Amino acid sequence: MTYKLLWVCLTSLLLTACQTVSKVDTSNASDTLDATEEAQVVEANPEHIGIIDTVPTVDVDEATAEELAAATDEDVVEVEAVDDVVIVANEPKEPEDIWDRVRAGYQLNLDIDRPRLSSQLRWYSSHPRYLDRVSKRGERYLYYIVDELEKAGIPTEIALLPIVESGFDPFGYSHGRASGPWQFIPSTGQMYGLDQTWWYDGRRDIIGSTQAAIAYLTRLHKMFDGNWLHALASYNSGEGTVMRAIRKNKRAGKPIDFWSLDLPRETRAYVPKLIALAKIIKHPEKYNYETYFIPNKPYFDVVNIGGQLDLAQAAQMADISIDEVYLLNPGFNQWATSPEGPHRLLIPVSKAKDFRTKLAEIPNKERVTWVRYTVKAGDNLLLVAKQHNTTVNVLQSVNKISSSLIRVGQELMIPVAGNDIESYTLSSHQRLLAKQSRAPNRNKIKINYTVNSGDSLWLIANKYGTTSKTLARWNGMGLGDPLMPGKKLVVWLEPKKSQTAQRSVMKKVVYTIRSGDSLAKVANKFKVSVNDIRGWNPKVGSKKYVQPGDRVTLMINVVAGN
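The sequence shown begins at 556 in the working numbering and counts up one residue at a time.
Structure (structure tokens):
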């Protein structure tokens, strides 16, 4: 009996050992199979790639389920291998509306409840037409801005910053001398490579200013240890202002978050404006607003033009209006691109191909109109430059003149506008004339003032009972802009403050010179001065005599009986 019991125990131990070995061998076999499969992995052959959008479910009936459940390790199922098949997951569909893309890139904490924020939310939500207006202005630029912000890893709420800064007006100019959609002051613009010349102001250039804003904001974000609200406040008032406010609160044992800092009034409202806009765009239905639809696709293409080009000619080749050329390329101040560059134009995507084709067909010498001018007695470079709506620097550069001296009989090559200068409606000069012609309200009287030596904005404003800031705004200036003798300013007065001035409502009239006319005769007929006619019409004004058929533009005061 004892021997039988021992035999049973020994047999059990042997059987248990066999099962253990079987399990180990199975595990090792599995590992070997995995290693073999990994060794056989090859890169997919593009000619044999199959795209599987969905994997259909397999219905298993009850009989098959029972067979699978009853299958033993001895049952072998052969599976046919399928080579070179790659399963590709569906990529998320791009949104059709750019605002959906903006919302997707939000990174700031918008879950804030502050009185300053509430007041901005009330204002924006009660002015839906303003939101539509600035959205429509930004339609040309928003895709590019969002694209660049995403590349830089910057919160897409920042795409709304040009609304706060300039209302998406590329020609916006503040009393603090800030310019462009991102409102760079001259010094900061220069620091970030935005040139500012007679021909070109990079602060208004869509590509240049956007890249500069991204670089500046990235630097501020790093400077303030990743605090975007501090960075945004610094963008508005300067990093020194924000740093001083932080140090002040630290010394007083106070919190140093944005909402606790003692900052300038404008800056205290600046950040809440951006957050309010972001909240409205994120949940427009909550604020009874429907966002203005902007397609999530490029509006413009960047075309390398290789050199200077007349903007009227560019508009003709692209089959778009000259205003559209300026709105896409607001950095150019004059009638042509800058000879020093950048040698690029932004052209609507649908027009870019034909524009490139036509541009390639134009000889370089025909890209800009040139006149040959012979220097007369009494001429100097400044006088010649004014007569041809250009600058001394341009004349010196084009004609390779190292000094300001010219001699009688010398010939100068001068680049001039190919069309009437008035047709370049969004050039800096034409924008200024338009601004000076707009009355702040119907009850104002307009007078013209010529700057004298020793004048300042404060002196002139004090003389007419207004403020320097208001005077600067009437004339499209910043408070720190230089005031040169001879500069023409407009002053708008209340009727009771001017006994001699007449109410002025200006109308532009184009007059065709007739046989027997002279500038003096035309001036007398329309009750303006010859100098005014020359100033309004540089091309005609530079001539000694006018000829029948010449056209002159006149600004006529229709209310004063002209």
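Think of the CB as a built atom: it goes at the ideal place given N, C-alpha and C, for glycine as much as any other residue. Predicted model only: the values in this text are computed from it and were never measured.
- The beta-carbon separation of residue 717 and residue 737, rounded to 6 Å, stays under the 8 Å limit for a contact.
- Between the beta-carbon of residue 653 and that of residue 696 there is about 11 Å, and that puts the pair past the 8 Å contact cut.
- For residue 755, the three-state secondary structure derived from DSSP is strand.
- In the three-state reduction of the DSSP assignment, residue 891 falls in the strand class.
- The C-beta distance from residue 864 to residue 884 rounds to 10 Å, too long to meet the 8 Å contact threshold.
- DSSP places residue 1110 in the uninterrupted beta strand (DSSP E) bounded by 1106–1112.
- In the three-state scheme derived from DSSP, where H, G and I count as helix and E and B as strand, residue 884 is classed as coil.
- Residue 719 sits buried, since 16 or more C-beta atoms from the chains shown fall within 10 Å of its C-beta.
- In this structure, DSSP gives residue 1064 an extended state, which the three-state scheme calls strand.
- Between the C-alpha atoms of residue 1109 and residue 1064 there is a straight-line separation of about 5 Å.
- By the C-beta density criterion, residue 1045 is buried, having at least 16 other C-beta atoms within 10 angstroms.
- In the DSSP annotation of this structure, the continuous segment of the beta strand (DSSP E) that includes residue 927 starts and ends at 924–929.
- In the DSSP assignment, residue 1001 is bridged to 1047.
- Annotation: the continuous beta strand (DSSP E) that includes residue 966 extends over 966–971.
- Looking at the DSSP output, residue 858 bridges to 900.
- DSSP, read as helix, strand or coil, puts residue 699 in helix.
- Judged by DSSP secondary structure, residue 653 falls within the alpha helix (DSSP H) whose first and last residues are 653–659.
- DSSP places residue 739 within a strand segment (E or B) once states are collapsed to three.
- In the structure shown, the three-state DSSP call for residue 1019 is coil.
- In the DSSP assignment, residue 1081 falls within the unbroken alpha helix (DSSP H) covering 1074–1081.
- About 16 Å separates the beta carbon of residue 828 from that of residue 661, a gap too long to meet the 8 Å contact definition.
- Counting along the chain, no alpha helix (DSSP H) covers residue 728, and no H or E run does either.
- Here residue 925 is exposed: its Cβ has fewer than 16 other Cβ atoms, across all protein chains shown, within 10 Å.
- Rounded to the nearest whole angstrom, the CA to CA distance from residue 1069 to residue 1077 is 10 Å.
- With contacts defined as CB atoms closer than 8 Å, residue 1012 and residue 1027 qualify as a contacting pair.
- In the DSSP assignment, residue 865 is bridged to 891.
- The beta carbon of residue 1100 lies closer than 6 Å to none in the same chain, with the five residues before and after it left out.
- For residue 878, the CB contacts under 7 Å within the same chain, skipping 5 residues up- and downstream, are 980 and 981 in chain order.
- Of the residues assessed, residue 887 falls on the buried side of the cut-off, its CB having 16 or more other CB atoms within 10 angstroms.
- With distances taken between CA atoms, residue 1029 lies nearest to 1001 out of 859, 1001 and 919.
- A distance below 7 Å between beta-carbons, with the five flanking residues on each side excluded, links residue 931 to the following residues of its chain, in chain order: 963.
- DSSP, read as helix, strand or coil, puts residue 1070 in coil.
- In the DSSP assignment, residue 798 falls within the unbroken alpha helix (DSSP H) covering 794–806.
- In the three-state reduction of the DSSP assignment, residue 827 falls in the helix class, which pools H, G and I.
- Taking 8 Å as the cut-off, the Cβ atoms of residue 767 and residue 790 do not count as close.
- Rounded to whole angstroms, the gap between the alpha carbons of residue 688 and residue 682 is 10 Å.
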